[in-house]
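Chains A and B, in that order, give the protein sequences. Heads up, the final residue of the first sequence is numbered 114 in this note's numbering, and it's a clean run with no missing numbers. Heads up, the final residue of the second sequence is numbered 1112 in this note's numbering, and it's a clean run with no missing numbers. Yeah, the Cβ is synthetic: ideal placement off N, Cα and C, and Gly gets one too. Have a look at the structure below before the remarks.
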Amino acid sequence: DTAVSQTPKYLVTQMGNDKSIKCEQNLGHDTMYWYKQDSKKFLKIMFSYNNKELIINETVPNRFSPKSPDKAHLNLHINSLELGDSAVYFCASSQVRTVVREQFFGPGTRLTVL
Amino acid sequence: SQELEQSPQSLIVQEGKNLTINCTSSKTLYGLYWYKQKYGEGLIFLMMLQKGGEEKSHEKITAKLDEKKQQSSLHITASQPSHAGIYLCGADLQGGSEKLVFGKGTKLTVNP
């Protein structure tokens, strides 16, 4: 069973389009995250939700809008895609009320904007 | 400037050799996480360190956090091709925060 799953795995689209990436975790975790990994492999947090509430919102263009319909899902919607949005987007989840609190990552979604 | 510096950026070793990857911060590392990433895959959690001077081992991988809690090292003994990948350190720099800041990663190649 996949712990953290993302769809799609690859996404190729034209500039100006709107697209969504979905994430689901079956670990029963209460916190979920979106990270962006750029072409230089630099991984940076974008958003975090705890029990469907936004708790971390880094300096991200407001074209990016996360949505958490329930604790097990955190989707990322991107409007008016730009070339610079091309990257690998990772979803992750964790359980905050534990000692180690490691984050479990999904396989990533490779977004290419043409 | 980068909050977490990893060195080296890349490393090529012969199978069987030992190697060390470093992760350094100018701020206190309240929680330091080591992850491994293979191409096209997500990050796999390796170890987490919290206390100054702490050391943990899993199979042939040992991670240490210095007493000042500003530097961590990851040591692999008798490397194997299966150890190849990108190693990333991630840290809680605020204390009790869910936000992890990551280093740029170290790409490890192990030649058979």
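Beta-carbon proximity check, G84 of chain A vs Q6 of chain A, cutoff 7 Å: no
Whole-Å CB distance - G51 of chain A paired with D30 of chain A, under 8 Å assumed: What sits at residue 51 of chain A in the sequence shown is Asn, not Gly. Between D30 of chain A and N51 of chain A the Cβ distance is about 5 Å, and since that is below 8 Å, they are a contact.
So, is M1047 of chain B buried or exposed, given that buried needs 16 or more other C-beta atoms within 10 angstroms? buried
Assuming E1098 of chain B contacts V60 of chain A (C-beta within less than 8 Å), just tell me the rounded distance between them. That belief does not hold up - the Cβ atoms of E1098 of chain B and V60 of chain A are roughly 16 Å apart, past 8 Å.
Reducing DSSP to helix, strand and coil, say where D1066 of chain B ends up. coil
With DSSP as the reference, label H73 of chain A as helix, strand or coil. strand
Residue-level contact to chain A via CB, K1069 of chain B, 7 Å cutoff: no
Checking 7 Å against the spacing of the C-beta atoms, do S1025 of chain B and Q1070 of chain B come in under that value? yes
On the DSSP bridge assignment, give the partners of K1056 of chain B in chain order. B:A1063
Going by C-alpha to C-alpha distance, which of A:E58, A:L54 and A:N79 sits closest to I67 of chain A? For the record, residue 67 of chain A in the displayed sequence is Lys; it is not Ile. For the residues A:E58, A:L54 and A:N79, the minimum Cα distance to K67 of chain A belongs to A:L54.
Counterpart residues of Y1087 of chain B in DSSP-defined beta bridges: B:K1036 and B:T1106
Could you confirm whether any beta carbon from chain A is found closer than 7 Å to the beta carbon of K1104 of chain B? yes
Going by DSSP in three states, D18 of chain A sits in which element: helix, strand or coil? coil
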